[in-house]
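Each residue of the sequence shown is one higher than the one before, starting from 3 at the first, in the numbering used here.
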Amino acid sequence: MATVELTTENFDKVTGGDGIVLVDFWASWCGPCLRFAPVYDRVSEKHENVVFGKVDTEAQVELAARYDIRSIPTLMALRDGVIVFAQPGALPESAVESLISQVEALDMEDVRKQLAEHEHTGHSHNH
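Right, here's the structure in full:
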């Protein structure tokens with residue numbers, strides 16, 4: 003499966019569904035983004051069940067602002083509409099692969115429970 007261009011119009015529809023969606027925030031002037039693109043494409047070929055989205059932060063300023071994207075590339079992962087990972091920096095292929103494995107292995111009931119508790123208690127960090 004190739005990568006999907008994400009825009010303000012289709013972003014919520016693509017990322018809000020069940021399953022795993024990766025989002026690469028990038029821009030054409032950003033060297034590391036351009037070096038990361040072929041890596042991202044290669045990984046996308048191997049994972050039929052994962053949606054690989056790309057957000058051009060130049061064209062989609064609103065999306066970049068909504069997710070407070072400060073440095074690019076930033077890779078975000080969502081599962082079942084929940085953001086489970088977001089980190090700036092171009093990752094090597096092996097790191098993208100291991101991120102996908104980790105997201106696949108998540109217990110979403112647990113994630114949702116933690117999110118609910120987090121929203122419940124406000125922003126205290128008691129572990």
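Note that beta-carbon positions come from the ideal geometry of N, C-alpha and C, so glycine has one too.
Just so you know, these numbers come straight off a predicted model, no measurement behind them.
Cα-Cα, which of ASP109, PHE27, GLY55, LEU101 is closest to ILE71? PHE27
Buried or exposed: ARG81, going by 16 or more other Cβ atoms within 10 Å of its Cβ? buried
Nearest to LEU77 by CA position, among GLN62, GLU121, ALA97, GLU111, is which residue? ALA97
Using only the alpha-carbon positions, how far apart do THR9 and VAL105 sit? 23 Å
GLN116 lies in the alpha helix (DSSP H); which residues open and close that run? 110-122
Bridge partners of ASP26, per DSSP? LYS56, LEU77
Cβ-based neighbour list, PHE87, same chain, cut-off 7 Å, excluding 5 preceding and 5 following: MET78, ALA79, LEU101, VAL105
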